[in-house]
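J.: For the sequence shown, our numbering begins at 1 and goes up steadily by one.
One structure coming up, written as structure tokens, with questions to follow.
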Amino acid sequence: MVRPYALLRAGFGYYKTLGMRRVTSSPVDMALGNDGRIFIVGRSGIGQGIRIINWEDDNLGVFGGGDLQWPAAMVIDRDQKLYVSDEATDKICVFTTEGEGGFLESWGEHGDGDGQLDRPSGLAFDADENLYVSDTMNHRIQKFTKDGKFLNKWGCFGQSEGEFNMPWGVAVDELGDVYVADWRNDRVQKFTSDGEFIFKFGASGSEDGEFTRPSGLAVDRDGDIYVVDWGNDRVQLFNSEGRYVEKFIGDAGLSKSSRGYIRPNGVVLRYRDMSRLEISRRLRGPISVKVDDGIRMYIPDFGSHRIQIYEKEAYPLEQHEIAPVPRNPHLLTT
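Printed below as a string of structure tokens:
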């Protein structure tokens, strides 16, 4: 698919909320199955493990809780196997989604040598299903085959181009370029598939286009870049050149499962009636973001134990349909 020259952005509205506390507790990441199932990996208590729900918000079970200690990110391959990074064990754990789901294998070991890991976090597949891993405490990105064979690495501790300070999220676009959320440097860096630096954007702060500890990120088919601004409780959207477009602070409604829990509970109903609803809609400590070909955006809302979903409305433009970029876009004349 060829990227559009430009976009007519018509909207990016709230679409739906899925999940609730005690089902999708403390969600850190998610993956979309090709059969309508949604897999959500949680990090604490009853949410530990991989929860299965569907678009009707039905709870279809959980698996993998005993095989994960501190999951950080999750991706799914073409065979519908799930790959989960575990910060506590310095491993990548692989699960089948067939039947009720279950653990298959794991690979990785603690260290700083080639193929070794120290608190792995973000994961992303390329078109050949090579797996990119944010090797957070080694301040680098490593590339593996999906069965764990080491292929390549780049990065070291620092603030210069191509250096990292605890990288977290990683994403690969349809062109094969790699995007890294450089967590403690409060920026995003873009590289070729071999680790050659292309560009960076972002700075520390809370204004538009600034970050406070960016975590997950994703890239859609238009080349738009979605960055979870964890410390500012929001997701920011940038175009393919890293220019700020808009932000999402949360607009959740009640999910089907939440309505089913609240409706017969008089005490909860009373507290909700007394609450400030705009606060309950907001994102709280999101860690990851995913997009589909729809294009819908999915935000695991960690602090509120749910998934917020938004839907993009944009129309591709060819070069002849839009005026050239002005030389002085902010110059006003009278």
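Built from N, CA and C at the ideal position, the CB exists for glycine as well.
Note that the coordinates shown come from a computational prediction; the quantities given were computed from them, not determined experimentally.
Which residues does DSSP pair with Phe157 in a beta bridge?
T.: Phe164
J.: What's the gap between the Cα of Met166 and the Cα of Ser280?
T.: 31 Å
J.: Can you tell me the Cα-Cα spacing of Gly202 and Tyr179, whole angstroms?
T.: 13 Å
J.: Using DSSP's beta-bridge definition, name the partner residues of Asp86.
T.: Pro71 and Lys91
J.: Starting from the N-terminal side, write out each stretch of the alpha helix (DSSP H) that is 4 residues or longer and does not extend beyond the stretch 204 to 287.
T.: 256 to 262, 266 to 274 and 277 to 281
J.: Any idea what DSSP makes of Asn152, helix, strand or coil?
T.: strand
J.: The beta strand (DSSP E) spanning Ile52 covers which residue range?
T.: Gly49 to Asn54
J.: For a test of the three-state rule: what should DSSP assign to Thr97, helix, strand or coil?
T.: coil
J.: Could you tell me whether the stretch 280 to 291 touches the stretch 223 to 242, using the rule of 3 or more Cβ pairs below 8 Å?
T.: The answer is yes - the stretch 223 to 242 touches the stretch 280 to 291, with three or more Cβ pairs under 8 Å.
J.: Between the alpha carbons of Glu161 and His139, how many angstroms are there, rounded?
T.: 13 Å
J.: Exposed or buried, what is His338 when buried is set at 16 or more other beta-carbons lying within 10 Å of its beta-carbon?
T.: A query on residue 338 cannot be resolved here, the shown segment of the chain reaching from 1 to 334 and no further.
J.: Beta carbon of Trp70, beta carbon of Asp86: below 8 Å?
T.: yes
J.: At a cut of 8 Å, does the stretch 271 to 279 reach the stretch 204 to 221 through at least three beta carbon pairs?
T.: Because the criterion of three Cβ pairs below 8 Å is not met, the stretch 271 to 279 and the stretch 204 to 221 do not touch.
J.: Given Tyr5, which residues of its chain have a CB within under 7 Å of its CB, disregarding the five upstream and five downstream residues?
T.: Leu317, Glu318 and Gln319
J.: Based on DSSP bridge pairs, tell me the residues matched to Leu317.
T.: Ala6
J.: For a test of the three-state rule: what should DSSP assign to Asn138, helix, strand or coil?
T.: helix
J.: In the DSSP output, what is Ile307 paired with across the bridge?
T.: Leu18 and Pro300
J.: Between which two residues does the beta strand (DSSP E) harbouring Glu105 extend?
T.: Gly102 to Trp107
J.: Among Ile295, Phe211, Lys149 and Gly176, whose alpha-carbon lies nearest the alpha-carbon of Arg221?
T.: Ile295
J.: Beta-carbon separation of Asp173 and Arg213 under 8 Å?
T.: No, these two residues do not count as a Cβ contact at 8 Å.
J.: Which first and last residues belong to the beta strand (DSSP E) in which Ala127 is found?
T.: DSSP places Ala127 in no beta strand (DSSP E); its state is neither H nor E.
J.: Apply the 10 Å Cβ neighbour rule to Gly155 and answer buried if 16 or more other Cβ atoms are within range, or exposed otherwise.
T.: By the 10 Å Cβ count, Gly155 comes out buried.
J.: So what does Val360 bridge to, in DSSP terms?
T.: The displayed coordinates of the chain run from 1 to 334. Any statement about residue 360 would go beyond what the structure contains.
J.: Is there contact here, the stretch 15 to 32 with the stretch 297 to 314, by at least three beta-carbon pairs under 8 Å?
T.: yes
J.: Give me the DSSP bridge partner(s) of Asp29.
T.: Val41
J.: Do Ile50 and Asn59 count as a contact pair if the criterion is CB distance below 8 Å?
T.: no
J.: My output table needs one value for Gly111: the three-state DSSP class, helix, strand or coil.
T.: Three-state result, Gly111: coil.
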